[in-house]
Amino acid sequence: CASCHNEFTPGPGAQINNNYGEWLASSFNAPNNPQKNRSCIDCHMHADPQLIGQDIPGYSTKGGHLKNNVRTHQFTGANNYLAGLRSDTHAKLSESLLKTAATLDVMLNQETLTIRVNNKRSGHHLPGGSRRQLWLEVKVTDGQGKLVYSNGLLDDKQHVPSDARKFHKVGADKHGTKVGLSFWRVEKLLEDTRIPADSSRDEIFELPTNIQYPVNVSARLLFKAFSRTLTDKVRGAFPDEDIPYAPVVEMQAVNAVFNRAEPTK
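All residue numbers for the sequence shown refer to the numbering used here, where the first residue is 78 and numbers rise by one.
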C-alpha cells in the first residue's frame, strides 16, 4: 500500500501524501492487540464498510470453502467520484465508508459555538489522499426560526466558500507561493488542517449577540472528491466528453437545540 499511497514530488522529494506513515503512527497499528489492530486491508478490502472490525463469511471462488472473513477486491476508498464511474454499487460502498470515519459534537457557550470533528475510525489523517474537499456547513436559527448565522454553504455554482472551515493541506513552492492544483511543485506546506487518526479538531464560530433562545444549530461535515474548479479544467480540456461534477457527500450531520445552557440533541 505504501508504495502507491505515500507520494513524493520529483526533484525535491517533498511529501504530498503520507497515508501509510500516518497509519503507522496511529493506534490502528497494533499488531500485538488483535482486537484493536486494523490494517489497510482490514478497512479497504472489507465486504461491508459499515461492519469494519466484524468478520463476514464468504467464498473467494466458486466451489471454494467457506471462509470466516472473506476479503473483497473492490478496494473501497474515499473517492466515490471515480468509484462511481465504475458502478453505482462501488460509489455507494465508498460513501458508506466515508460516513463511518468521523463524528461531530456541538457546544454553545454564550455566543461562542464550537463544532468538534472527531476522527474516530480513519486510520490516517482525515481526509486522506490529496485534492479532496472536506469542510463544515453550519446553520444557526433563533427561537423564531430565523437564520441568524451560517458558514460553509455552497454558492450557486457549488463552490466551497473561501471562509469555510476546511480540512486540507495547502502546498507551496520553495518561495512560499501557493501551487494550487500543481501538486508536483510542492516543496513545503503552508497549512495542514487535516485531522490525525485518534484526534479531534475544534472549530469555533462567533455568533451574533442577543440571539433569541432557544437556538437551533445544524452542522454537517461535507465531502467532495474533487473541486468544481478542478473538474472545470478537465471539462475544458475534453469539451466533447460529458464529464460530471463530483457530488457532495454528507459524512455526518448533527442538530442541537440550546436553551441557553444545555443542548438537547
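The beta-carbon is built from N, C-alpha and C at its ideal position, and this holds for glycine as well.
Beta-bridge pairing of residue i - partner residues as DSSP gives them
i    : result
A179 : N196
F300 : L211 and V326
K246 : D269
S295 : K216 and N332
F85  : Q92
I281 : T191
L143 : BP columns for L143 are empty, so no partner.
K255 : A249
N186 : T189
Sub-7 angstroms separation of residue i and residue j beta-carbons
i    : j    : result
V225 : A296 : no
C120 : I129 : yes
F303 : L175 : no
V237 : E268 : no
G205 : N95  : no
N196 : A79  : no
T166 : P126 : no
T138 : D279 : no
R305 : Q210 : no
Burial state of residue i (16 or more Cβ within 10 Å)
i    : result
T153 : buried
E327 : exposed
T286 : exposed
F105 : buried
T218 : buried
The beta strand (DSSP E) enclosing residue i, as first and last residue numbers
i    : result
D275 : That residue, D275, is in no beta strand (DSSP E); it is neither H nor E in DSSP.
V227 : The question names Val, but residue 227 is Ser in the sequence shown. Element bounds for S227: L224 to N228.
Limits of the alpha helix (DSSP H) - the one that residue i falls within
i    : result
V311 : R305 to A314
Y158 : N157 to R163
C78  : Here C78 belongs to no alpha helix (DSSP H), and DSSP marks it neither H nor E.
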